[in-house]
Amino acid sequence: MTTLLERPKGRSSAGTALSGTLPQVNLLPPEVYAARGLRATKRWLVISLVVVVALCVGAFGLALISGAQAATELADAQAETTRLQESQAQYAEVPVVLEALGSATSARSIGMSTDVQWRSYVDALTAVLPANVSFDSFAVAVATPAAAPVAPVDPLQKPSVGQIQLTARTSTLPDTSAWMDAMNSVPGLSDAWVSSSTISEDESGIYYTVAATVQVTDGAYSHRFDATEGAS
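Under our numbering, the first residue of the sequence shown carries the number 328, and numbering increases by one thereafter.
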């Protein structure tokens, strides 16, 4: 088969003759063009295959690097876990001690919930004694976490958490009303009552023995052993 190459339009045959260019004919068979196209396609396939292989190798390399990093991180995490477990074993007794301390603190709070600082009350009652009066005896009966309070000796007295029974010695009978008011003025005490007054005599002369009681209210509790917020 022959093919005549077309010439650009607008040129005359005279111009062609003058230019010395002759019409060209492509005598190559179509199979040659097909073979050339196949070789080009093969070249592109080879290039594509090389690129794909390079990408796979790169991805595999990245996977190896990531795997190595993950293995390193895992080893570090395992080492840290081992260290923490060793530390935990070292301080294994701490929770036991803290629990025992908490139990002791709770027991102390309960056991000392009825604590009263009696020295201050003895001083306060001594301070309000009438002139020329001194204590002969001073007895205290109060409630505890395991015992109920003593019942009032007088039906007019209000319930309380305890009671102070005292006897006083004086050469003259005191103003009992003023004395009871003075005892009631002490914080934590109430319902003072002078129950009896007897006259006696010894080598020093005649004297009076006065018996009195005063109720102890819960305002006398010191609360110094109460558990505070944040305490262990």
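From the three backbone atoms N, C-alpha and C, an ideal C-beta is built for every residue, glycine too.
Tell me which same chain residues have a C-beta within less than 8 Å of the C-beta of residue i, skipping the five on either side of it?
i: residue 336; result: The pLDDT assigned to residue 336 is 47, lower than 50, so where the model puts this residue is not dependable, and the model offers no usable value.
i: residue 294; result: In the structure as shown, the chain starts at 328 and stops at 559, and residue 294 therefore has no counterpart that could be examined.
i: residue 505; result: 457
i: residue 511; result: 517, 518, 519, 541
i: residue 549; result: 442, 443, 444
i: residue 402; result: none
Using a Cβ-Cβ cut-off of 7 Å (strictly less than) and excluding sequence neighbours within five positions of residue i, which residues of its own chain qualify?
i: residue 534; result: 496, 497, 498, 527
i: residue 445; result: 467
i: residue 546; result: 514, 515
i: residue 373; result: none
i: residue 387; result: none
Assign residue i to buried or exposed, taking buried as 16 or more other Cβ atoms, counted over all protein chains shown, within 10 Å of its Cβ.
i: residue 418; result: exposed
i: residue 405; result: exposed
i: residue 541; result: buried
i: residue 376; result: exposed
i: residue 531; result: exposed
i: residue 488; result: buried
i: residue 341; result: With a pLDDT of 47 at residue 341, under the threshold of 50, the modelled position of that residue is not reliable, and the figure given next carries that caveat. By the neighbour-count rule (16 or more Cβ atoms within 10 Å), residue 341 is not buried but exposed.
i: residue 452; result: buried
i: residue 543; result: buried
Kindly identify the DSSP beta-bridge partner or partners of residue i.
i: residue 415; result: In DSSP, residue 415 forms no bridge with anything.
i: residue 516; result: 543
i: residue 465; result: 493
i: residue 460; result: 497
i: residue 536; result: 496, 525
Contact defined as beta carbons within less than 8 Å: I believe residue i pairs with residue j. What is the distance between those atoms, to the nearest angstrom?
i: residue 517; j: residue 538; result: 18 Å between Cβ atoms; not a contact.
i: residue 464; j: residue 425; result: That pair is no contact at about 47 Å.
i: residue 436; j: residue 553; result: 6 Å
i: residue 521; j: residue 503; result: 4 Å
Who are the near neighbours of residue i in its chain, counting only those whose CB is closer than 6 Å to its CB and skipping five residues on each side?
i: residue 477; result: 468, 490
i: residue 369; result: none
i: residue 501; result: 457, 460
i: residue 422; result: none
i: residue 509; result: 455
Does the region 460-479 come within contact of the region 425-445, defined as at least 3 CB pairs closer than 8 Å?
yes
How about the region 457-465 and the region 406-415: do they share at least three Cβ pairs that are nearer than 8 Å?
no
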